[in-house]
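Here's the structure, in structure tokens; my notes come after.
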Ligand code: NAD
Ligand code: ZN
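Residue numbers (the working numbering): 1 to 345.
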């Protein structure tokens, strides 16, 4: 099969022929139709310190995918050959305290598809049946490929009820834009999104943001003034990983404001802890997706709202055949894009 592979420890990737994977008794084999590019894949291509410390080549990369089930293990029930499916990319141990309590997103031994074991930038991928999310056959394959990041956005945005709340999202990458669509869908009053890219803020606007803030020219305080807000934002969603964004967030929250942080910083940074404490601001880190409540929630939002479906679909701005993976990676790296998808069909 074709597989986009990290062959050796060091920068670069290669599209090579690899043996087909084998499907164990509790596994499912999926023929990949579409796969989404994520920042993680760019780190793996570039071979930064994180990649060097984490990955043992050879490794097939990629973890955002959608396809057709072509084989199910002997012990598998509930998934059948011919099903269309997306995959949860975090494989949990099932034995730790959190797993046994049903808090699988908090597993202490999480393994990542396309990071710790062979991934989905290939014709075939094998995952445990418990990681398969069967999709309605009518679902647009491109949408099926973005359930992983849509799940990050959903998990983060739905930490607290949003009805009537003023919501600010820092970072208009694919996940921040999807979060804007969720906030709109979930009943927020105002949705404000910040980024340094006008192209990406345009996507946020189309997803339902009331006001967008280009941080190279404006601040969140300007957005508050524009909207006639008097007390500060109720809910913050941090989706940039940028320290200045967090500083600006904390400065613009109402007392008692709540911030869910998904964006991964490159290094530790300082915060105005006095403000966090005296304004009783809640900070909550978010990892992955809840298995499988997040999957349920996003599936129903996609299924029941044409507006929501359109808002998420427009985040997918580029699609390349798998053979043109280099161009796909260059586009994703440029930032002049929303979600970039590889077509393996
Ligand atoms: P992305 O890199 O495409 O988007 C981040 C955006 O933040 C960019 O558009 C960038 O221009 C913007 N930005 C940079 N500095 C900013 C600032 N000061 N203010 C506002 N915006 C700023 O990433 P993505 O794929 O949308 O993912 C969002 C974040 O979530 C990333 O940091 C990613 O690493 C992280 N992530 C975390 C998890 C998790 O489980 N915690 C999972 C997936 C992604
Ligand atoms: Zn576990």
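By construction, the Cβ of each residue, glycine as well, lies at the ideal position given by its N, Cα and C atoms.
All of these numbers come straight from a predicted model, not from anything done at the bench.
The C-beta of residue 4 has 16 or more other C-beta atoms within 10 Å across all chains shown, which makes the residue buried. As a beta-bridge residue in DSSP terms, residue 86 pairs with 66 and 133. Taking all protein chains shown into account, residue 328 has 16 or more neighbouring C-beta atoms within 10 Å of its C-beta and is therefore buried. The Cβ atoms of residue 172 and residue 194 lie closer than 9 Å to each other.
Here the alpha carbon of residue 213 sits roughly 18 Å from the alpha carbon of residue 230.
When rounded, the separation of the alpha-carbon atoms in residue 265 and residue 324 is 30 Å. Taking 3 residues as the shortest admissible run, the segment 10-77 contains the following complete beta strand (DSSP E) segments, listed from N- to C-terminal end: 14-17, 27-36 and 64-72.
Annotation: residue 326 to residue 142 spans about 19 Å, alpha carbon to alpha carbon. Between ligand 1 and the CB of residue 283, the shortest heavy atom gap is not smaller than 8 Å. Comparing alpha-carbon positions, the option among 249, 149, 136 and 150 lying closest to residue 235 turns out to be 249.
The closest CA to that of residue 125, considering only 206, 30 and 131, is found on 30. Burial is judged here by how many other beta carbons sit within 10 angstroms of a residue's own beta carbon; residue 240 has at least 16 and is buried.
Three or more Cβ pairs closer than 8 Å define a contact, and the segment 130-150 meets that threshold against the segment 83-96. The C-alpha of residue 122 lies about 33 Å from the C-alpha of residue 170.
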